[in-house]
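The number in the working numbering is simply the position in the sequence shown, starting from 1, with 1 added.
Structure record follows, encoded as structure tokens.
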Amino acid sequence: MHPEISFVEKPTLTGERVVLRPVCMADALAAVAADPEADRLTGTHATFSLETLERWYGSRAEHPDRLDLAMVERTTGVCVGEVVLSDLDVHNRSCSFRISLFDRRSFGQGLGTEASRLILGHAFDTVGLHRIELEVFAFNPRARHVYEKIGFIHEGTRRDALCWNGEWIDGHTMAVLADEWVAHRGHPHPAR
């Protein structure tokens, strides 16, 4: 058991293309301007005012059971999304993972892949987690491909988990375990 497991520390993680840093109130501007496609892909029905998002981002440092990091593109310094570890279960050393790119112009550039590997490395290597899980909706095969590429394994399907514009969408549960991460470090398939 690891009773010291928490997300009290809010690190800055630096990759080749992105920097992940603790979210701050100013990140609300990027989030409020997010492309509606970002909401659809994450199954987010609610809309939020700038004031609500400022309060939300401004309060994230106070939560030891979640880690909210802004994804900043290194070349521009622009906040292009966020990565979140939440629902920390200390006794089972597990949590949930979520990522959102705010602008479709950031899609397909590898920013999300790098950000995911950075935060998973932190979660397993520094925090000491055993399991990280996520849910990806059936209408987001691009994201599922990225999750598989970095080592998440499909564990099951929640049928009709989301109703989007009157259509029922399945949610796929995926997870990666610490021993899997140690074996592949986010690169489970050898380069061809």
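Beta carbons are placed, not taken as given, at the ideal position from N, Cα and C, and that holds for glycine.
On a predicted model such as this, the values are computed, not experimentally measured, just so you know.
Beta carbon of residue 31, beta carbon of residue 103: below 8 angstroms?
Stepping through the sequence shown from its first residue, residue 31 is reached at position 30. Stepping through the sequence shown from its first residue, residue 103 is reached at position 102. For residue 31 and residue 103, yes; Cβs fall inside 8 angstroms.
Can you look up residue 97 in the DSSP assignment and give me helix, strand or coil?
In the sequence shown, counting from the first residue as 1, residue 97 sits at position 96. In the structure shown, residue 97 falls within a strand segment according to DSSP collapsed to helix, strand and coil.
For residue 176 and residue 16, the rounded distance between their alpha carbons
Translated into the one-based positions of the sequence shown, residue 16 becomes position 15. Translated into the one-based positions of the sequence shown, residue 176 becomes position 175. Residue 16 and residue 176: Cα-Cα distance of roughly 23 angstroms.
Run of the alpha helix (DSSP H) containing residue 83, from where it starts to where it stops
Numbered from its first residue, the sequence shown carries residue 83 at position 82. First-last for residue 83: 80-90, but that is the beta strand (DSSP E), not the alpha helix (DSSP H).
Helix, strand or coil at residue 171 according to DSSP, with G and I counted as helix:
Translated into the one-based positions of the sequence shown, residue 171 becomes position 170. If DSSP states are grouped into helix, strand and coil, residue 171 belongs with the strands.
If you scan the stretch 38-72 from start to end, which runs of the alpha helix (DSSP H) of 4 or more residues do you find wholly inside it?
Complete alpha helix (DSSP H) runs here, min 4: 51-59.
With which residues is residue 164 paired in a DSSP beta bridge?
Taking the first residue of the sequence shown as 1, we reach residue 164 at position 163. Note: residue 164 sits in a beta bridge opposite 169.
Among 18, 60 and 182, which residue has its Cα nearest to the Cα of residue 24?
By one-based count along the sequence shown, residue 24 stands at place 23. 60 is the residue among 18, 60 and 182 whose C-alpha sits nearest the C-alpha of residue 24.
Does DSSP classify residue 188 as helix, strand or coil?
What you label residue 188 is simply residue 187 of the sequence shown in a count that begins at 1. Note: residue 188 maps to coil in three-state DSSP.
Residue 120 lies in the alpha helix (DSSP H); which residues open and close that run?
Walking along the sequence shown from the start, residue 120 turns up at place 119. Looking at the DSSP string, the run of the alpha helix (DSSP H) that includes residue 120 is 112-122.
Starting from the Cα of residue 40, find the closest Cα among 182, 190, 163 and 183 and give me that residue.
As a position in the sequence shown, residue 40 is number 39, starting the count at 1. Per the Cα distances, 163.
Among 19, 83 and 98, whose alpha-carbon lies nearest the alpha-carbon of residue 90?
Here the question's residue 90 lines up with position 89 in the sequence shown. Closest by alpha carbon: 98.
Would you kindly work out how many angstroms separate the C-alpha atoms of residue 132 and residue 13, rounded to a whole number?
Here residue 132 refers to the residue found at position 131 when the sequence shown is read from its first residue. Here residue 13 refers to the residue found at position 12 when the sequence shown is read from its first residue. The alpha-carbon atoms of residue 132 and residue 13 are separated by roughly 22 angstroms.
To the nearest angstrom, report how far apart residue 188 and residue 115 are at their CA atoms.
As a first step, residue 188 must be located in the sequence shown, where it is residue number 187. As a first step, residue 115 must be located in the sequence shown, where it is residue number 114. One Cα belongs to residue 188, the other to residue 115, and the distance between them is close to 11 angstroms.
Classify residue 176 as helix, strand or coil using the three-state DSSP reduction.
For the purposes of this step, residue 176 is taken as residue 175 along the sequence shown, with counting starting at 1. Note: residue 176 maps to strand in three-state DSSP.
Pick from 83, 7, 135 and 161: whose alpha carbon is nearest that of residue 149?
Reading the sequence shown from its first residue, position 148 is the one you call residue 149. With respect to the C-alpha of residue 149, the residue from 83, 7, 135 and 161 having the closest C-alpha is 135.
Suppose you measure from the CA of residue 146 to the CA of residue 172; what does that come to, to the nearest Å?
As a working note, residue 146 is residue 145 in the sequence shown. As a working note, residue 172 is residue 171 in the sequence shown. Across the structure, residue 146 and residue 172 are spaced so that their CA atoms are roughly 14 angstroms apart.
Roughly how many angstroms lie between the CA atoms of residue 49 and residue 169, to the nearest whole one?
Within the sequence shown, residue 49 is the residue found at index 48, counting from 1. Within the sequence shown, residue 169 is the residue found at index 168, counting from 1. C-alpha separation (whole angstroms): 24 angstroms.
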